[in-house]
Amino acid sequence: MRRRAAAFAGAGLLLALLAGLADVWQGAGDVDVWAAIFHRGASLGDALFLDVRLPRALAGVIAGASLACAAVVLQAITRNPLAEPATLGLTSGGALAVTLVAAYASLAPGAPTIAVAFVGVAVGTGLIGAMAAAGGGGIRLILAGMAVGLALAAASGAVRLARETETSGLFLWGAGSLLQTGWGPVRAAALIGLPAGVGVVALSRWLDVAVLGEETARGLGLRSGVVQVAGVTLAAVLTAVAVGLCGPIAFVGILAGGLARVARPRGHLGMLAIALPWGAAILLSADVAGRALTGLDSETPAGVICALIGAPVLVVVARRLRGEGGLAVDRAASAARWRPRASLVALVLLPVAVVGSLCLGEIGIGPGEVVRSVFGHGSPLGEIALDSRAPRLCVALLGGACLAASGTVLQAAVRNPFAGPELAGVVGGASVGAFLVLLVFPDAPSPVLPFAAFFGALVAMGIVLALAGGSSPARLALIGLAVTAACAAVTELMLLHSQPAAATAITWLSGSTYATGWSDFRLLLVPALVLIPIALFAVRRLDVLMLDDELARALGMRVSVNRGALLAAGAALGAAAVAVCGAIAFVGLLAPHAARLLAGGNHRRSLPMAMALGALLLGLADTVGRTVLAPTEIPSGLVVSMIGAPYLAILLWRSRTA
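Each residue of the sequence shown is one higher than the last, beginning at 16 in this note's numbering.
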């Protein structure tokens, strides 16, 4: 056993050394490395080596080892092999804090980047810690952490769009780049990360006891609460070091920690001895591969490569789950009774929101003026304002209704509250399909983009459902998130190397209804008129599918045929909405769940209610995004994500088993 662990540790050290040497030698300019070392900056090439390449390689070592070390601690404390800074939302918290300070320098003038990142990491740690303290654990904690990460990432995106000039320097950093322009950040990271790493080593023996369980640890005289607080604090510091130095990078901890567990060392000190060199080796290898992939005159950030590698690993882990993997379906919403008054209030809010959306904007219009303009009797200024707002509002309303109907159908078909288009690969697949067209056919007619997005969404969802191999909420949610992460990495890769199409792509990827017109509304109306009646006609089948399969067969239903047809219809509805409105997430998850709380589990009531709530949500998101920072617009998708991702975390919280 010890030989096996020593072999793994030695292999990690060797790979880290080789990857570090390759990273130092790799570059667009010829550098005499030995001359640079001994003559110390006598030429431009020497300066390039000493001030750019060498700091970059050392940044990879520090960040990779820090992420691996943090992951080992978090996995021990949560007793979960999927725990790492990214899956718990910590890296997204650090990235948001750095983005805020870059956008609004007055928030923390002159503050070190690592210190700023630590504040954001601490916020993310607090959110996840509160959920864990309330009894959340297992796979549900990971899913909640990834949901929190999505919300924080959406907030970062909104800040970058609002303060584009101030945050332009964060473009590569935000994708997880090892690029350095001097020794200052590397020196600061080493001075902070090294003591934190020593602290983790000192804590390792207590972690060996803590993983035995709280009662056993207490019997051995260990105050597990103190160990947990100390471990989480050290993990937060190490995460801040990695984020501040190289940006948000995912899956390094899962990969390094997984390799350490395969080696089966004795205790956490042995795991650290294996995970740390492997973390450095993985990140340095990703950096070398990223530059080799696109040529030496440009680079693909290491964070993108790590996501492309880590997402399939997450799929493999998810497929090995047994049963619910610690996650149970939330029965509260399905068992809720119909609330007529609350439902009526929700339905009344829709026309009120429509009128309010038409009134609000840079040019204010009174409700009476809106009504007169609709009938062609308003002032010229009012009619101009209405002409610019009405088409995009109608697209948002119809798109929200389609996404909500899609989520309702998908959740019923597989009896899974997480089977919406957002977590089933539809949004990620549509993004890849749309960007691929922009990249390969930049001059293609505008109607081609929605069709490409539609096809990509269907392909991605087919992959998710095929890999899930069942209706386990944990398995489907994890695989959906993994496929979404892989699609995001592919999209990021194309975005970095297709500048002519970048502006159009960023707008679409953010889920924006900006500049949509009546032609887009008609394009979405066609599939909606076909697919929504199918969903409404199938409400009884949806009710039966929510029951056990055996009971459904006893009632005479051909389960496989009906489930397959409804899955296809639900996926097509979501794909059509995303194709026209852009990469908008969480409407298909939030609206159906809220509808079940208001209208109960009967789909005859809950499906129309979900469509109304989806239209209301996306319509309000369009209005908020258009008016809050006017004349700058926040894409509707980002607004919805900031609302929907926390809601997903709450849903995961409530879904815990009794």
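Don't be surprised by glycine CBs; every beta carbon is placed ideally from N, CA and C. Computed from a prediction, not measured in an experiment: that's the story for all the values here.
Q) Where does alanine 24 land, buried or exposed, given buried means 16+ other C-beta within 10 angstroms? A) Looking up residue 24 in the sequence shown gives position 9. Classification for alanine 24: buried.
**Q.** Element boundaries [alpha helix (DSSP H), containing phenylalanine 390]
**A.** Translated into positions along the sequence shown, residue 390 becomes position 375. For phenylalanine 390, there is no enclosing alpha helix (DSSP H), as DSSP marks it with neither H nor E.
Q | Contacts around leucine 187, its chain only, beta-carbon distance under 7 Å, and the 5 residues preceding and following it disregarded | A | Taking the sequence shown and counting its residues from 1, one reaches residue 187 at position 172. Non-local C-beta neighbours of leucine 187 in its own chain, meaning closer than 7 Å and more than five positions away in sequence, comprise Leu194 and Pro316, ordered along the chain.
Q. How big is the Cα-Cα spacing for valine 643 and alanine 166?
A. As a position in the sequence shown, residue 643 is number 628, starting the count at 1. As a position in the sequence shown, residue 166 is number 151, starting the count at 1. Within the model, the alpha-carbon separation for valine 643 versus alanine 166 is close to 18 Å.
Q: Using only alpha-carbon positions, find the residue among Val367, Ala307 and Asp563 that is nearest to glycine 634.
A: Working through the sequence shown from its first residue, we reach residue 634 at position 619. Between glycine 634 and the set Val367, Ala307 and Asp563, the nearest pair of CA atoms involves Val367.
Q: Answer yes or no: does any C-beta atom of chain B fall closer than 8 Å to that of leucine 299?
A: Chain labels in this structure do not include chain B; a single protein chain is all it has.
Q) Hey, out of Gly448, Leu480 and Gly532, whose CA is closest to alanine 467's CA? A) Position 452 of the sequence shown, counted from the first residue, corresponds to residue 467. Minimum Cα-Cα distance from alanine 467 among the listed residues Gly448, Leu480 and Gly532 corresponds to Gly448.
Q: Flag valine 252 as yes when its Cβ comes closer than 7 Å to any non-hydrogen atom of the ligand GTP, and as no otherwise.
A: In the structure shown, the ligand GTP is absent, as is every other ligand, since no ligand is present at all.
Q) Just the Cα atoms here: how many angstroms apart are alanine 91 and valine 136? A) Counted from its first residue, the sequence shown places residue 91 at position 76. Counted from its first residue, the sequence shown places residue 136 at position 121. If I take the Cα positions, the gap works out to 19 Å.
Q | Backbone CA spacing between proline 406 and alanine 120 [nearest angstrom] | A | Position 391 of the sequence shown, counted from the first residue, corresponds to residue 406. Position 105 of the sequence shown, counted from the first residue, corresponds to residue 120. Distance between the alpha carbons of proline 406 and alanine 120 is about 38 Å.
Q: Locate the alpha helix (DSSP H) running through proline 355, then write down its first and last residues.
A: Against the sequence shown, residue 355 aligns to sequence position 340. The continuous alpha helix (DSSP H) containing proline 355 extends over residues 355-374.
Q: Pull up the distance between the alpha-carbon of isoleucine 324 and that of alanine 500, whole angstroms please.
A: Translated into positions along the sequence shown, residue 324 becomes position 309. Translated into positions along the sequence shown, residue 500 becomes position 485. So the alpha carbons of these two residues sit roughly 10 Å apart.
Q: Entirely within the region 592-670 and at least 3 residues each: give me those beta strand (DSSP E) ranges in chain order.
A: Within the region 592-670, no complete beta strand (DSSP E) run reaches 3 residues.
Q.
Do tyrosine 662 and leucine 605 count as a contact pair if the criterion is CB distance below 8 Å?
A. Here residue 605 refers to the residue found at position 590 of the sequence shown. Here residue 662 refers to the residue found at position 647 of the sequence shown. Closer than 8 Å, so yes.
Q.
Within a Cβ cutoff of 7 Å, which residues of the same chain sit near cysteine 374, ignoring the five residues on either side of it in sequence?
A. Residue numbering aside, residue 374 sits at position 359 when the sequence shown is read from its first letter. The answer, listed in chain order, is Ile380, Gly381, Pro382 and Val385.
Q) Using 8 Å as the Cβ pair cut-off and three pairs as the minimum, do the region 387-396 and the region 587-598 touch? A) The region 387-396, when compared against the region 587-598, does not touch it at the 8 Å Cβ threshold.
**Q.** Sub-8 Å separation of serine 421 and leucine 588 beta-carbons
**A.** One-based indexing of the sequence shown puts residue 421 at position 406. One-based indexing of the sequence shown puts residue 588 at position 573. It is a contact, given that the beta carbons lie within the stated cut-off.
**Q.** asparagine 577 - DSSP class collapsed to helix/strand/coil
**A.** Residue 577 sits at position 562 when you count from the first residue of the sequence shown. Shown here, asparagine 577 sits in a helix according to DSSP, grouped into three states.
Q) Where valine 344 and asparagine 431 are concerned, what is the direct C-alpha to C-alpha distance, given to the nearest angstrom? A) As a working mapping, residue 344 is identified with position 329 in the sequence shown. As a working mapping, residue 431 is identified with position 416 in the sequence shown. Summary for valine 344: the model assigns pLDDT 46, below 50, so the residue's position carries little reliability; its value from the coordinates is reported in the next sentence. Each residue's alpha carbon lies about 7 Å from the other.
Q | Three-state class that DSSP yields for serine 300 in the structure shown | A | The residue labelled residue 300 in the question sits at position 285 within the sequence shown. Three-state result, serine 300: helix.
**Q.** Collapsed DSSP secondary structure at phenylalanine 456 in the structure displayed
**A.** Here residue 456 refers to the residue found at position 441 of the sequence shown. In the structure shown, phenylalanine 456 sits in coil (DSSP, three-state: anything other than H, G, I, E or B).
Q) Tell me which same chain residues have a C-beta within less than 7 Å of the C-beta of alanine 22, skipping the five on either side of it? A) Along the sequence shown, read from residue 1 onward, the residue named residue 22 stands at position 7. None.
Q: Could you tell me the boundaries of the alpha helix (DSSP H) in which tryptophan 188 lies?
A: Taking the first residue of the sequence shown as 1, we reach residue 188 at position 173. Membership of tryptophan 188 in the alpha helix (DSSP H) is indicated by the continuous run 186-189.
Q) So does the region 28-37 actually touch the region 291-305, counting three or more Cβ pairs closer than 8 Å? A) Judged by Cβ distances under 8 Å, the region 28-37 makes contact with the region 291-305, as three or more pairs qualify.
Q: Evaluate tryptophan 221 with the Cβ neighbour count: other Cβ atoms within 10 Å of its Cβ, from every protein chain shown; 16 or more gives buried, anything less gives exposed.
A: Counting from one through the sequence shown, the residue named residue 221 turns up at place 206. Buried, because 16 or more other Cβ atoms sit within 10 Å of the Cβ of tryptophan 221.
Q. Over what stretch of residues does the alpha helix (DSSP H) that includes methionine 476 continue unbroken?
A. Indexing the sequence shown from 1 puts residue 476 at position 461. Residues 463-483.
Q.
On the CB-based measure, 16 or more other CB atoms within 10 Å of its CB, does glutamate 314 come out buried or exposed?
A. Taking the first residue of the sequence shown as 1, we reach residue 314 at position 299. Buried.
Q. Is alanine 569 near leucine 560, with beta carbons less than 8 Å apart?
A. Locating residue 569 in the sequence shown gives position 554, counting from the first residue. Locating residue 560 in the sequence shown gives position 545, counting from the first residue. No, the Cβ-Cβ distance between alanine 569 and leucine 560 is not below 8 Å.
Q | For glycine 199 and leucine 69, the rounded distance between their alpha carbons | A | Taking the first residue of the sequence shown as 1, we reach residue 69 at position 54. Taking the first residue of the sequence shown as 1, we reach residue 199 at position 184. Each residue's Cα considered, the two are about 13 Å apart.
**Q.** Assigned exposure category for arginine 490 - 16 Cβ within 10 Å defines buried
**A.** Residue mapping note: residue 490 aligns to position 475 of the sequence shown, counting from 1. Under this definition arginine 490 is a buried residue.
Q. Going straight from the alpha carbon of isoleucine 269 to that of alanine 296, what length do you get?
A. Reading the sequence shown from its first residue, position 254 is the one you call residue 269. Reading the sequence shown from its first residue, position 281 is the one you call residue 296. Straight-line Cα distance between these residues: approximately 14 Å.
Q | Own chain, CB closer than 8 Å to leucine 308, minus 5 neighbours either side, in chain order | A | Position 293 of the sequence shown, counted from the start, is the residue given in the question as residue 308. The answer, listed in chain order, is Thr315 and Ile320.
Q: Find out if the Cβ-Cβ distance for the pair leucine 249, leucine 218 is shorter than 8 Å.
A: Translated into the one-based positions of the sequence shown, residue 249 becomes position 234. Translated into the one-based positions of the sequence shown, residue 218 becomes position 203. Result yes, Cβ atoms of leucine 249 and leucine 218 sit closer than 8 Å.
Q | Per-residue DSSP class, three states only, for arginine 220 | A | Mapped onto the sequence shown, residue 220 falls at position 205. Note: arginine 220 maps to helix in three-state DSSP.
Q) Which class does aspartate 66 belong to by DSSP, given the choice of helix, strand or coil? A) On the sequence shown, residue 66 is found 51 positions in, with the first residue counted as 1. Reduced to three states, the DSSP call for aspartate 66 is helix.
Q) Using the C-alpha atoms, what's the distance from leucine 359 back to arginine 556? A) Here residue 556 is taken as the residue at index 541 of the sequence shown, counted from 1. Here residue 359 is taken as the residue at index 344 of the sequence shown, counted from 1. In a straight line, the C-alpha of arginine 556 is about 26 Å away from that of leucine 359.
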